[in-house]
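Beneath this line is the structure, given in structure tokens, with notes to follow.
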Amino acid sequence: MPTDSVFAAELPWPDYDSRVRDGAVPILIPIGSMEQHGHHMPMHVDVLLPTEFARRVAGEVGGLVAPPFTYGYKSHQKSGGGNHLPGTTSLDGATLVSALRDVIKEFARHGVRKICLVNGHFENSWFIIEGIDLALRELKWSGIEDIKIVVLSYWDFVDKATIARLYPGGFTGWDLEHGGVLETSLMLALYPHLVELDRAVDHAPASFPPYDVYPPKPEWTPPSGTLSSPRDASEEKGRILLDVCVKGIVSALKTEFHA
């Protein structure tokens, strides 16, 4: 039994208890989704990537990685292709908020006082914040006021210099990177056996009007499901992204948690 694992769920409960009860050990919670990622990648990309970032960061800051959230909020057409696409399996916002609130409160009950939510799905962002807000409010009612929560999305640590290096032809923005160069490159670096680049569809970045329509119009989403081309993705770019993001997240947590 791996009693030195960074994955909290792999530990026997006494070992877990001894590590977290005094509040010194950060818990990292990956939050993803089951969402289509084009013809060339699997639907759990948004779970695999934040979990791996959390694993690498935990090893640097002495933290533990909680089991990931494998379902997320509904895919938005302009950032994930849309919830109408087959395979994308989502939660209502209230469901995600309630689950996050409950899990945060449970970790606090165990003694945890440092939590980092590592987001891997663009659409989760505001619901994560609501879950945190409700958890903190209810914990305060219980007399727990010394908890600190950091929420981050790994792509926000990619600086302008790295963007210029990875996108010499121009950068269209993180919202249109769904299934594009960023995620495909990271998957090539970490899980190449799960990427079939020869099935990737090369197309111009999606173009949307400056408004939304509900129910969504399927014709607005490129048939591939991706919103930009993964053509220029590579394992080398993935390793650059890994290095930049891990260093950035480690620095942030050391600053906030004094790790």
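For what it's worth, our numbering labels the leading residue of the sequence shown as 14, then goes sequentially. Glycine included, every Cβ here is placed at the ideal spot set by N, Cα and C. Please read all numbers here as calculations on a predicted model, not as lab measurements.
Supposed contact pair residue j and residue i - C-beta distance, whole angstroms, cut 8 angstroms
i: ARG2; j: ASP215; result: Residue 2 lies beyond the residue range present for the chain, which begins at 14 and ends at 272; the question has no answer from this structure.
i: SER88; j: SER103; result: 6 angstroms
i: PRO39; j: ILE128; result: 7 angstroms
Of the listed residues the options, nearest to residue i (C-alpha basis)
i: GLY144; options: GLY192, VAL116, SER88; result: VAL116
i: HIS52; options: THR239, ASP28, ALA246; result: THR239
i: GLU119; options: SER155, TYR86, VAL171; result: SER155
i: VAL110; options: LEU255, LEU147, GLU151, HIS206; result: LEU147
i: PRO81; options: ASP159, LEU98, ILE44, GLY100; result: ILE44
Residue i - containing alpha helix (DSSP H), residue span
i: LYS91; result: 90-93
i: LEU41; result: Premise fails: LEU41 lies in the beta strand (DSSP E), 40-44, not in any alpha helix (DSSP H).
i: ILE117; result: 106-123
i: VAL263; result: 248-270
i: LEU195; result: 194-203
i: TRP26; result: 26-33
i: PRO181; result: Element bounds for PRO181: n/a, residue is neither H nor E.
i: PRO63; result: 58-74
Endpoints, the beta strand (DSSP E) within which residue i is located
i: SER166; result: 161-166
i: ILE157; result: Neither: ILE157 is in no beta strand (DSSP E) and is coded neither H nor E.
Distance CB(residue i)-CB(residue j) smaller than 9 angstroms
i: GLY76; j: LEU41; result: yes
i: THR185; j: SER241; result: yes
i: TYR29; j: ALA21; result: yes
i: GLU65; j: LEU203; result: yes
i: MET200; j: MET54; result: yes
DSSP bridge partner residues for residue i (one or two, in chain order)
i: ILE128; result: ILE40, ILE162
i: PHE140; result: Note: PHE140 sits in no beta bridge, so no partner.
i: MET47; result: THR102
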